[in-house]
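Keeping their order, the protein sequence lines are chains U and B. Position one of the first sequence corresponds to residue 6 (this note's numbering), numbered consecutively onward. Position one of the second sequence corresponds to residue 349 (this note's numbering), numbered consecutively onward. The block underneath contains the structure these notes are about, expressed in structure tokens.
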Amino acid sequence: MPRSEVMDGTRGPAFSANIADARRKGDRSGLARVLIAALAVLAVATFATSIMTGAADASLGNVFRWLVGETAADQALSMRDRIIILDIRLPRAVLGTLVGAALAVSGVVMQGLFRNPLADPGLVGVSSGASLGAVLLIVLGGTAFGPIFALFGFYALPLGAFGGGLATTMLLYRIATRSGQTSVATILLAGIALGALTGAVTGVLVFVADDKQLRDLTFWGLGSLAGANWTKILAAGPIILLSLSVVPFLARGLNAITLGEAAAFHMGVPVQRLKNIAIFSVAAATGASVAVSGGIGFVGIVVPHLLRLVIGPDHRYLLPASALLGGTMLIFADMLARTIVSPAELPIGIITAFLGAPFFLWVLLRGRSNMGL
Amino acid sequence: MIRASDISVRLAGRPVLHGVSFEAAPGRMTAIVGPNGSGKTTTLKAISGELRPSKGKVTINGHDIAGLKPWELALKRGVLPQSTVISFPFTVREIVGLGLSTGGVDVSGSDRTVDDALEAVDLAGFSGRFYQELSGGEQQRVQLARVLCQIAVPVRDGEPRYLLLDEPVSSLDIRHQLTIMRLARQFCERGGGVIAVMHDLNLTAMFADQMVVMKAGRIRALGAAKDVLTDETMEAVFGCRMQVSIAPARDVPFILPQTASL
């Protein structure tokens with residue numbers, strides 16, 4: 006007994022001293038592992054909080070007792086509360102987690118691929134390309150694209166967004182990369198141009214859309230989790246999970262490619278294949294997210310950047326940490342959106358833009374000298 | 349043995365190399381010299397597999413590099429580029445550690461190698477610094493340490509391995525120029541091969557076993573420093589008259605810029 010006390014007493018400090026020592030020698034992997042564990046706990050806690058937060062009273066204890074099937078729980082949770090939790094709050098939290106993780110991870114992959122800390126699907130036009138794909142389907146769905154809806158059902162919208170995102174990403178890569186290097190200025194400017202172009206086409210479509218379609222379309226502009234339901238999760242979830250499960254295999258390649266495409270090739274990375282897979286998964290994850298929640302911006306730039314400040318740019322740790330923090334941040338932003346002007350709610354895209362845009366400017370000004378701007 | 353056989357390279361449609369052939373044997377240091385734009389770096393890129401020649405082929409230990417996968421090549425040779433700009437805040441240890449994972453496979457994988465490599469390039473104690481905060485010469489040595497992690501031992505499974513270095517000492521002070529050239533020399537003595545693009549003719553004469561002198565995409569002279577560094581070759585290649593002398597103590601040719609006239 007005294008012995009274990011001694012061990013417990015010393016292990017904690019020794020453990021953190023080890024991490025601090027490794028950190029001084031430039032090894033942040035220990036720190037990264039601890040942070041990932043902490044972020045996982047935070048993600049679970051935020052998820053639980055978001056399910057309990059809202060007008061209906063449903064404490065975590067009651068929900069849990071009901072879920073494990075305790076008889077007394079029938080009194081603890083009314084039928085109405087159960088419906089609120091199961092069909093409104095839970096899908097919303099699940100969708101928020103999925104979309105937040107997808108956007109943050111897409112940001113990391115794009116930044117790694119373009120070797121550029123400011124690349125973000127929202128900023129460089131991938132999201133607007135994806136929403137153009139979705140808008141095309143909504144407006145022309147009744148006519149030209151009717152067969153697509155018939156064929157793919159509720160997967161049609163995510164697939165349309167995916168197609169739009171993929172086309173924009175590939176075009177962007179073509180434009181912004183010259184002999185294996187991308188310049189920050191070119192990519193941001195190309196992003197603006199592509200965004201304007203897709204915006205113009207979207208504008209034309211909005212012009213010809215009818216009233217019902219118009220309501221659907223407005224939703225894409227700002228981004229919201231308000232329409233979350235299990236159908237949307239079923240449509241976007243598998244695509245997001247699939248791309249998120251591919252991405253860890255890119256980690257080492259993305260690390261190598263930060264030294265340049267030639268250096269990555271010299272280190273044994275099949276560069277072209279890595280690029281193809283990375284572009285494909287970014288387009289898929291972004292497309293699916295846009296299809297179910299519209300254009301939620303800045304998650305892909307804020308989350309990776311904050312994490313890089315602490316654990317560094319090693320993608321083996323940055324990718325999982327971004328997925329966790331992205332999900333957490335989006336649920337948190339959604340809680341804000343729901344409560345700030347309660348009982349009404351703000352579109353979540355407004356919250357993320359308010360938090361993200363100043364942050365983006367700060368990153369830009371701080372990193373100016375390093376990015377050749 | 350790395351063998352370049354009659355390689356020609358076109359860049360953006362323009363011919364840059366015209367039928368370059370030479371051999372770099374393990375145990376020997378080969379230096380490629382020549383004026384700016386003579387095709388030195390292009391030659392190195394063709395040998396590393398980064399550029400595909402329009403004609404001719406490159407073999408490494410008898411294998412045509414066009415038929416090797418990136419990770420197979422990465423096990424046979426390491427490449428040091430001229431300079432590397434990184435836009436993310438990596439520490440020195442993290443950069444050097446990238447060399448440990450080659451094509452997704454950890455070759456050795458212990459932290460000891462990173463420290464060894466850093467010590468070899470005289471950067472012991474730098475592991476916790478941020479790459480972006482280092483000077484150009486220090487960054488260059490960090491990159492070399494990374495390459496030394498990728499190709500830690502000069503001979504693997506009985507097969508010699510190679511270092512391809514593009515101007516490894518161009519941004520270094522005199523002490524570190526000597527450190528790095530000795531390091532390359534030792535790699536050769538332990539059975540590996542080195543091909544380096546060089547600018548400093550005197551340093552090259554001191555360390556290289558074989559010099560490949562290039563001009564306008566062609567090899568103008570090939571051989572030991574003593575045979576290649578002549579008044580005539582220097583004038584023909586560099587376009588300035590210089591007097592090649594021999595350092596009496598070491599029997600190594602040298603050139604004083606003071607003797608040159610344009």
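A virtual CB, placed ideally from N, CA and C, is assigned to each residue, including glycine.
DSSP-derived helix/strand/coil call for residue i
i: Val469/B; result: coil
i: Asp412/B; result: strand
i: Leu478/B; result: Reading the sequence as shown, one finds Phe at residue 478/B and not Leu. Phe478/B: strand per DSSP, three-state reduction.
i: Ala360/B; result: coil
i: Phe359/U; result: helix
i: Arg94/U; result: helix
i: Ala161/U; result: helix
i: Met546/B; result: coil
i: Gly625/B; result: Outside the displayed range of chain B (349 to 610) lies residue 625/B, so it cannot be described from this structure.
i: Thr432/B; result: coil
i: Ser347/U; result: coil
i: Ala602/B; result: Rather than Ala, the amino acid found at residue 602/B in this sequence is Phe. Here Phe602/B sits in strand by DSSP.
i: Glu580/B; result: helix
i: Leu230/U; result: coil
i: Gly273/U; result: coil
i: Thr263/U; result: coil
i: Met84/U; result: helix
i: Met554/B; result: helix
i: Leu520/B; result: coil
i: Pro152/U; result: helix
i: Lys280/U; result: helix
i: Leu513/B; result: strand
i: Leu341/U; result: helix
Rounded Cβ spacing between residue i and residue j (contact assumed at less than 8 Å)
i: Arg29/U; j: Ala233/U; result: Their Cβ separation, rounded to whole angstroms, is 45 Å, which puts Arg29/U and Ala233/U out of contact at 8 Å.
i: Ala500/B; j: Val469/B; result: 13 Å between Cβ atoms; not a contact.
i: Ser356/B; j: Lys403/B; result: 4 Å
i: Val462/B; j: Arg441/B; result: 6 Å
i: Leu324/U; j: Val113/U; result: 6 Å
i: Val495/B; j: Gly447/B; result: 6 Å
i: Val592/B; j: Pro601/B; result: 5 Å
For residue j and residue i, the rounded distance between their alpha carbons
i: Ala53/U; j: Met340/U; result: 12 Å
i: Ile522/B; j: Gly200/U; result: 52 Å
i: Pro163/U; j: Leu141/U; result: 12 Å
i: Ile316/U; j: Ala27/U; result: 12 Å
i: Leu359/B; j: Val427/B; result: 20 Å
i: Met349/B; j: Ala372/B; result: 6 Å
i: Ile594/B; j: Ala608/B; result: 16 Å
i: Val99/U; j: Ile238/U; result: 8 Å
i: Arg220/U; j: Gly484/B; result: 56 Å
i: Val368/U; j: Gly305/U; result: 13 Å
i: Gly23/U; j: Val129/U; result: For the record, residue 23/U in the displayed sequence is Asn; it is not Gly. Rounded to the nearest angstrom, the two C-alpha atoms are 41 Å apart.
i: Glu10/U; j: Ile41/U; result: Here the model assigns Glu10/U a pLDDT of 42, short of 50, so the residue's position is not dependable and the matter cannot be decided.
i: Ile180/U; j: Ile192/U; result: 8 Å
i: Gln480/B; j: Ile434/B; result: 7 Å
i: Leu194/U; j: Ile244/U; result: 30 Å
i: Trp235/U; j: Ile90/U; result: 12 Å
i: Pro152/U; j: Pro253/U; result: 36 Å
i: Val576/B; j: Phe555/B; result: 14 Å
i: Asp32/U; j: Gly302/U; result: 32 Å
i: Ala190/U; j: Pro122/U; result: 12 Å
i: Ala358/U; j: Leu222/U; result: 19 Å
i: Ala296/U; j: Arg351/B; result: 54 Å
Minimum C-alpha distance to residue i - residue among the options
i: Ser250/U; options: Leu194/U, Ser286/U and Pro348/U; result: Ser286/U
i: Gly299/U; options: Ser132/U, Leu145/U and Val110/U; result: Ser132/U
i: Cys536/B; options: Arg568/B, Leu549/B, Leu551/B and Val503/B; result: Val503/B
i: Gly258/U; options: Ala161/U, Val211/U, Phe359/U and Asp319/U; result: Asp319/U
i: Phe436/B; options: Asp92/U, Ser111/U and Leu118/U; result: Leu118/U
i: Pro612/B; options: Phe474/B, Ala564/B, Arg489/B and Leu531/B; result: Lying before the first or after the last residue shown, residue 612/B is absent from chain B, which here runs from 349 to 610.
i: Asn384/B; options: Pro596/B, Ile567/B and His547/B; result: His547/B
i: Gly354/U; options: Ala269/U, Leu230/U, Ala190/U and Ala288/U; result: Leu230/U
i: Ala240/U; options: Ala256/U, Ala261/U and Tyr160/U; result: Tyr160/U
i: Arg376/B; options: Gly447/B, Leu610/B and Ala573/B; result: Ala573/B
i: Glu507/B; options: Ala414/B, Gly587/B, Val561/B and Leu423/B; result: Leu423/B
i: Ser449/B; options: Ser55/U, Phe270/U and Ile282/U; result: Phe270/U
i: Leu570/B; options: Phe438/B, Ala379/B and Leu551/B; result: Ala379/B
Interface residues of chain D facing residue i [CB-CB closer than 7 Å]
i: Ala556/B; result: Although the question refers to chain D, the structure presented lacks it and instead comprises the protein chains U and B.
(message) Does the structure place the stretch 500-515 of chain B close enough to the stretch 540-547 of chain B that three or more beta carbon pairs sit under 8 Å?
(response) At 8 Å Cβ cutoff, the stretches touch.
(request) Decide if the stretch 412-421 of chain B is in contact with the stretch 263-277 of chain U; the criterion is three or more beta carbon pairs, one per stretch, under 8 Å apart. (result) Segments in contact, yes.
(message) Using 8 Å as the cut-off, can you tell me whether the stretch 99-111 of chain U makes contact with the stretch 332-347 of chain U, which would need three or more C-beta pairs spanning the two stretches below that distance?
(response) Put simply, the stretch 99-111 of chain U touches the stretch 332-347 of chain U. At least three CB pairs are less than 8 Å apart.
(message) Could you check whether the stretch 378-390 of chain B touches the stretch 405-415 of chain B, counting it as contact only if at least three pairs of C-beta atoms, one from each stretch, sit closer than 8 Å?
(response) The stretch 378-390 of chain B makes no contact with the stretch 405-415 of chain B, as fewer than three CB pairs between them are under 8 Å.
(request) Specify whether the stretch 160-179 of chain U and the stretch 205-216 of chain U touch according to this definition: at least 3 beta carbon pairs, one from each stretch, less than 8 Å apart. (result) Touching, no, given that fewer than three Cβ pairs across the two stretches are closer than 8 Å.
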